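Have a look at the structure below, then the notes.
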Amino acid sequence: MSVHADLRRKSMSEIESQAFEPLLKNPYKTRQGGATVTVFVPYNCRNHCPFCINKEEYAHPEGFSAHKICDSIKRMDAITPYCDFVFTGGEPFANLESLQHMLDAIPTTHKVYINTTLPVFEFQTEDDIVAFTQKNRDKITCINVSRHMQHYVVESNDKLLTRLAVPFRINCVLYKNYPVRDMVPYLERFYQIPGASIQFRFDYTETTPQNLYDKWNDKILHDLKHLASYTGLDGCRMRCGFHFDYKGMELTYHKTLPYSTIVEKDKNDGITYDILYDILIKQTGDIHSDWDGTIMDVDAYKKVVYEPYDLRWLERCEAKETYPVITNHTCAVI
Ligand code: SF4
């Protein structure tokens, strides 16, 4: 539940007293360039990850429409022509023809990221995926490939990663009691692959404003500091990333809050804003301002107030050259 949606909850008496008045809404604010637009593709994946919160809505595909999604992409491009787009699902690579239509709706002023498992199945070969990346090398900024330590997703051959014509990153959710003993073999698996970097991710349904930056009680952070060299921390109100170096391979440990709106009063103008970090285009083409079903007022977003992006380095450290590393770094706090 977002802070935004929480503020929307009103008692019956409040609702009745406002029956003939327009509902007061906070104006939108976002970072320069615009909030990231996350597009939910209109088709499913074949996996059943225990931390997935999207699976259920793919059980009811009524109203799903790639055509309406393209219309919504164009609406968002008209408002913020330099924002980032992320395709997620479901499985963006399960229907390359449909993905191509949606990609073609995005001008090259935008960065485009695709979350995928790189699925290979009876009607789609590794060569098809490679050809798709070659064709779209100027459109795709990075492919985020899900490879969890616990085998929740059906995986294609690691050699496919070496053939992709665009940059890629490995995403790994460290869920509940993840097997710590498997971390080094996991790191070694991708260390062998040229161009690989890894982003470990905290289960975001468990992230709170209190534990987002909590270093002392974060088991994942402690485990990683025994395996790799800590190089720094960046972050903003919504998310943070602890950075590491593993034999020259870049690792990040990413945490993000489970909502995309932060309600905050601006000290300068005294106005309370809904500060948007992510905007969602749902499988039906509907545009939401949060993960909990909050519909976005697109006309209000046309008047969005921009602020400098608050993501910044909070700590920088020199990487050590020996591995494994037992913490005790001296870091510059920025
Ligand atoms: S692959 Fe993605 S969409 Fe599919 S079950 Fe796993 S987390 Fe959910």
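Just so we're aligned: the sequence shown equals residues 12 to 345 in this note's numbering.
All C-beta atoms in this analysis are idealised placements derived from N, C-alpha and C, irrespective of residue type, glycine included.
As the structure is a computational prediction, the values presented were derived from the model and not from experiment.
Exercise for the section: Just the C-alpha distance for Glu-102 and Asn-279, rounded to the nearest angstrom, thanks. Expected result: Distance between the alpha carbons of Glu-102 and Asn-279: 43 Å.
Problem - Within 9 Å, strictly: CB atoms of Tyr-288 and Arg-86 - result: Taking 9 Å as the cut-off, the Cβ atoms of Tyr-288 and Arg-86 do not count as close.
Problem - Within the segment 240-285, ranges of the beta strand (DSSP E) (whole runs, at least 3 residues) - result: DSSP runs (the beta strand (DSSP E)) wholly in the segment 240-285: 240-246, 250-257, 260-267, 272-276.
Exercise for the section: Would you tell me roughly how many angstroms separate the C-alpha atoms of Phe-104 and Val-131, rounded to the nearest one? Expected result: The straight-line gap from Cα to Cα measures roughly 9 Å.
Exercise for the section: Reducing DSSP to helix, strand and coil, say where Glu-73 ends up. Expected result: Three-state result, Glu-73: coil.
Practice task
Go ahead and pull the three-state DSSP assignment for His-159.
Solution key: Taken through DSSP and simplified to helix, strand or coil, His-159 comes out as coil.
Exercise for the section: For Asp-289, name the three-state secondary structure that DSSP assigns. Expected result: In the structure shown, Asp-289 sits in a strand (DSSP, three-state: E or B).
Practice task
Please state whether DSSP places Arg-42 in a helix, a strand or coil.
Solution key: Strand.
Handout entry: Ser-83 Cβ short of 8 Å to ligand 1 heavy atom set
Key = Outside the cutoff, so no.
Practice task
Could you say if the segment 181-192 and the segment 158-165 meet the contact criterion of at least three C-beta pairs nearer than 8 Å?
Solution key: Between the segment 181-192 and the segment 158-165 there are three or more C-beta pairs closer than 8 Å, enough to call the two in contact.
Problem - Residue environment, Gln-145, which counts as buried when at least 16 other CB atoms sit within 10 Å - result: It is exposed - the Cβ of Gln-145 has fewer than 16 other Cβ atoms within 10 Å.
Problem - Coarse secondary structure for Thr-136, derived from DSSP in three states - result: If DSSP states are grouped into helix, strand and coil, Thr-136 belongs with coil.
Practice task
Would you mind working out which of Glu-318, Pro-38, Pro-53, Pro-61 sits nearest Ala-187, comparing C-alpha positions?
Solution key: Per the sequence shown, residue 187 should be read as Lys rather than Ala. Taking only the C-alpha atoms, the option nearest Lys-187 is Pro-61.
Handout entry: Lining residues of ligand 1 - beta-carbon closer than 7 Å to any non-hydrogen atom, in sequence order
Key = Those satisfying the condition are, in chain order, Cys-56, Asn-58, His-59, Cys-60, Phe-62, Cys-63, Asn-65, Lys-66, Gly-100, Gly-101, Glu-102, Thr-128, Ser-157, Tyr-163, Val-164.
Exercise for the section: May I ask whether a heavy atom of ligand 2 can be found less than 8 Å away from the beta carbon of Thr-144? Expected result: For the structure depicted, ligand 2 is absent and the ligand set comprises only ligand 1.
Exercise for the section: Mind reading off the beta-carbon distance from Val-141 to Ile-290? Whole number of angstroms is fine, and I expect it under 8 Å. Expected result: Not quite, the Cβ-Cβ distance comes to about 31 Å (not below 8 Å), so this is no contact.
Problem - Whole-angstrom distance between Asn-65 and Asp-303, CA atom to CA atom - result: A direct Cα-to-Cα measurement between Asp-303 and Asn-65 gives close to 11 Å.
Practice task
Decide yes or no for the touch test of the segment 251-266 against the segment 226-239: beta carbon pairs closer than 8 Å, at least 3 of them.
Solution key: Enough Cβ pairs lie closer than 8 Å, so yes.
Problem - Opening and closing residue of the alpha helix (DSSP H) in which Tyr-202 lies - result: Annotation: the continuous alpha helix (DSSP H) that includes Tyr-202 extends over 194-202.
Handout entry: Length of the line joining the Cα atoms of Tyr-270 and Ile-306
Key = The alpha-carbon separation between Tyr-270 and Ile-306 amounts to approximately 14 Å.
Problem - Coarse secondary structure for His-59, derived from DSSP in three states - result: His-59 falls in the coil class under three-state DSSP.
Practice task
Report the residue ranges of all beta strand (DSSP E) runs contained in full by the segment 202-226; include only those spanning at least 3 residues, in chain order.
Solution key: Listed in chain order, the complete beta strand (DSSP E) runs (minimum 3 residues) inside the segment 202-226 are 209-213.
Practice task
On a CA-only basis, which of Ile-204, Pro-220, Val-191, Ala-77 is nearest Phe-211? Give me that one, please.
Solution key: Among Ile-204, Pro-220, Val-191, Ala-77, the Cα nearest to that of Phe-211 belongs to Val-191.
Practice task
Please work out which residues of its chain come closer than 7 Å, Cβ to Cβ, to Val-315, disregarding the five sequence neighbours upstream and downstream, and give them in chain order.
Solution key: Cβ neighbours of Val-315 beyond the five flanking positions: Tyr-39, Lys-40, Thr-41.
Practice task
Could I get the ranges of all uninterrupted alpha helix (DSSP H) runs contained in the segment 71-107, with 4 residues as the minimum, in chain order?
Solution key: Taken in chain order, the complete alpha helix (DSSP H) segments of 4 or more residues contained in the segment 71-107 are 77-90.
Problem - Nearest candidate by alpha-carbon position, reference Phe-75, set Thr-91, Tyr-93, Gly-206, Asn-55 - result: Of Thr-91, Tyr-93, Gly-206, Asn-55, the residue nearest in Cα terms is Asn-55.
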